[in-house]
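Asks:
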Amino acid sequence: MTVRKMILQTALAATTLMGAGGAVGAAEIGTGAAGSIDLGTLSGVAYYTPEARGYRVVVTLAPRAAAPAVRFETVLAADQSVTLSTPRALGDATDAIEIARVGDRVRVNARRAGTVRQAAALD
1 MTVRKMILQT ALAATTLMGA GGAVGAAEIG TGAAGSIDLG TLSGVAYYTP EARGYRVVVT
61 LAPRAAAPAV RFETVLAADQ SVTLSTPRAL GDATDAIEIA RVGDRVRVNA RRAGTVRQAA
121 ALD
């Protein structure tokens, strides 16, 4: 599969998912297909490609306002997961999604809102 074809499939799948109801609650994504992500002020897509070490998961996020996107990549071995969340103040509700590899499948799950229990000092 060429990079151009993968990008076109990703864009088409993202458009289809977003038009069919917005954010993914818990949806399976296929190789080269995309799942929609909603993190409150950020939205985007996630897709994966199989590699020798595991599944490379790529997430591209952008603020809802016109600003540059952010891309996140990781390789998930069997039964691994990664959580993405937006920063919040201590005690505030969180927006998060979990991307999990279960066998040969990848799922994007909306995480139940929790509260921020720790905050980082930026000095």
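1 is the number of the first residue of the sequence shown in the numbering used here; add one for each residue after it. All C-beta atoms in this analysis are idealised placements derived from N, C-alpha and C, irrespective of residue type, glycine included. Since the structure is predicted, the reported quantities are computational estimates derived from the model, not experimental observations.
Where does A65 land, buried or exposed, given buried means 16+ other C-beta within 10 angstroms?
Replies: Flag for A65 reads exposed.
Asks: Report yes if the CB atom of T60 is closer than 8 angstroms to the CB atom of G40, and no otherwise.
Replies: Not closer than 8 angstroms, so no.
Asks: Going by the CB atoms, is the gap between V106 and A58 shorter than 8 angstroms?
Replies: A small correction: the amino acid at residue 58 is Val; Ala does not occupy that position in the sequence shown. Contact: no.
Asks: By a C-beta neighbour count over all protein chains shown, 10 Å radius and 16 as the cutoff for buried, is L90 buried or exposed?
Replies: Exposed, since its Cβ has fewer than 16 Cβ neighbours within 10 Å.
Asks: If you reduce the DSSP assignment to three classes, tell me which class T31 lands in.
Replies: Residue state, collapsed to three classes: coil.
Asks: Buried or exposed: which applies to V108, given that a residue is buried once 16 or more other Cβ atoms fall within 10 Å of its Cβ?
Replies: Flag for V108 reads buried.
Asks: Helix, strand or coil for G44 per DSSP?
Replies: If DSSP states are grouped into helix, strand and coil, G44 belongs with the strands.
Asks: On the three-state DSSP scale, how would you describe T86?
Replies: Correct three-state label for T86: coil.
Asks: By the DSSP assignment, the beta strand (DSSP E) with R64 in it spans what residues?
Replies: R64 -> no beta strand (DSSP E), and no H or E assigned at all.
Asks: Excluding the 5 residues flanking P68 on each side, which residues of the same chain have their C-beta closer than 8 angstroms to its C-beta?
Replies: A62, listed in sequence order.
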